[in-house]
Amino acid sequence: MNKFSFAVAASLLVLSASACKKEPTAANDSPSAAPVQAPNGDWSKLVSQTSEGGMLMGNPQAKVKIVEFGSMSCSHCAEFSKEGEPKLVENYVKTGNVSFEFRNFVRDPLDISASLITRCVGATPQFFDLTNGIYADQKSFFDRLQAVPQQQLAALQGMTPAQQFTKMAQFAGLQEWAAQRGVPSGKSSQCLTNQAEIDKLVQMVSDASSQYTIEGTPTFLLNGEVVEITA
């Protein structure tokens, strides 16, 4: 783990632990809030979509709420996925004390294509499995793209956005990869051309940029405030 990812993981875990000590339970103070039960006592198995468009893992009524703005083509995000997120989930999300939300912050066509693939399964634990799986295999997707002739990549500019994302997924092998993980090619093809979902990804970036200072990915929020991370 390099200094950046260590700082991210350590900062989030320390901040989460400190907040959790103040409130050992995750009950919502609002008497009108409907109680939510953890599947088999494991809150990490509960996934819901937020009004901002992100996917939230854990107790939606948790006192501590962590949000990651992540890009599927970001190497630092891949490092956090491998080194920081498992500790966060195991030690805090599973207990219900902390919720972890991932909001896609797309930066390029490959990023959008990969995001559409992961979001194809909706608000389910499989979303996080696919997201972390793409991070784990990130280099292989980059390698496949580098092998594509430049004229074929340049031809993407003349295509519609939906066509671009479908072609980019084909170049990177994303659909084949997803099919091996339970997302049939027919389904992923529909998701890659889902204009409403494409618009949602673009809107998520716009909303994040207007509300917070996003200088790079990953950027984290702790209870609505940007966590300052230094490399």
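Following the numbering used here, the numbering of the sequence shown begins with 1 at its first residue and continues without gaps.
Using N, Cα and C, we set each Cβ at its ideal position, and we do this for glycine too.
Computed from a predicted structure; not experimentally measured.
Item                                                                                                                                                                        : Value
Take Thr217 and list the residues in its own chain whose beta-carbon comes closer than 8 angstroms to its own, dropping the five residues that flank it on each side.       : Phe69, Gly70, Ser71, Cys74, His76, Cys77, Phe105, Arg107
Helix, strand or coil: how does DSSP classify Lys245 here?                                                                                                                  : No answer is possible for residue 245: the residues shown for the chain start at 1 and end at 231.
Compute the Euclidean distance between the alpha carbons of Ser189 and Met168, then round it to the nearest angstrom.                                                       : 12 angstroms
By the 10 Å Cβ neighbour count, where 16 or more other Cβ atoms means buried, how is Arg119 classified, buried or exposed?                                                  : buried
Can at least three beta-carbon pairs, one atom from the segment 125-145 and one from the segment 37-47, be found at a separation below 8 angstroms?                         : yes
Quick one: Cα of Leu110 to Cα of Pro39, how far?                                                                                                                            : 34 angstroms
Quick one: Cα of Ala26 to Cα of Leu130, how far?                                                                                                                            : In this prediction, Ala26 has a pLDDT of 41, which is less than 50 and means its spatial position is unreliable; nothing more can be read from the coordinates.
Considering Thr239, what are the terminal residues of the beta strand (DSSP E) in which it resides?                                                                         : The structure shown does not extend to residue 239, since the chain is modelled only from 1 to 231, so the question has no answer here.
For Ala179, which residues from the same chain have a beta carbon less than 8 angstroms from its beta carbon, with the 5 sequence-adjacent residues on both sides left out? : Ser185, Ser188
Nearest-angstrom Cα distance between Gln211 and Glu228?                                                                                                                     : 16 angstroms
Roughly how many angstroms separate the alpha carbons of Asn132 and Ala155, rounded to a whole number?                                                                      : 30 angstroms
Mind listing, in chain order, the continuous beta strand (DSSP E) runs of no fewer than 3 residues lying wholly within the segment 204-229?                                 : 219-222
By how many angstroms is the C-alpha of Ala208 removed from the C-alpha of Phe100?                                                                                          : 17 angstroms
Does DSSP put Glu197 in a helix, a strand or coil?                                                                                                                          : helix
Answer with buried or exposed for Gly84, where buried requires no fewer than 16 other C-beta atoms within 10 angstroms of its C-beta.                                       : buried
Since Glu101 sits in a beta bridge, which residues does DSSP pair it with?                                                                                                  : Leu56, Val67
For Ser48, which residues does DSSP report across the bridge?                                                                                                               : Leu56
Rounded to a whole number of angstroms, what is the C-alpha to C-alpha distance between Phe165 and Glu52?                                                                   : 22 angstroms
Mark Ser140 as exposed unless 16 or more other C-beta atoms lie within 10 angstroms of its C-beta, in which case mark it buried.                                            : exposed
Take the Cβ of Glu23 as the centre, count every other Cβ of all protein chains shown within 10 Å, and call the residue buried at 16 or more, exposed below.                 : For Glu23, the pLDDT reaches just 46, beneath the cut-off of 50, and the residue's location in the model is therefore unreliable, although a value from the coordinates is still provided. Classification of Glu23: exposed, given that the 10 Å Cβ count is below 16.
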